[in-house]
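Numbering (our numbering), first residue to last: 6 to 62.
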């Protein structure tokens, strides 16, 4: 797997499934670190925090 490039941390909201980009333009390691912070701090909000490759335009 190629971990280079830009990555986003995205919150998928409960019920609606809406996706909200929390951070973008990160490398893979930074994105994982941010995801861990949100996993620890957003307990009770529901939904899911994911890391994905940034959309190419």
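From the three backbone atoms N, C-alpha and C, an ideal C-beta is built for every residue, glycine too.
In chain order, 24, 25, 26, 27, 54, 55, 56 and 57 place their CB closer than 8 Å to the CB of residue 15, counting only its own chain and leaving out the 5 sequence neighbours on each side.
Measuring C-alpha to C-alpha distances from residue 12 to each of 31, 45 and 21 identifies 31 as the nearest.
For residue 53, the enclosing beta strand (DSSP E) covers residues 53 to 58.
Per DSSP, the continuous alpha helix (DSSP H) segment holding residue 41 begins and ends at 33 to 46. Rounded to whole angstroms, the gap between the alpha carbons of residue 37 and residue 29 is 12 Å.
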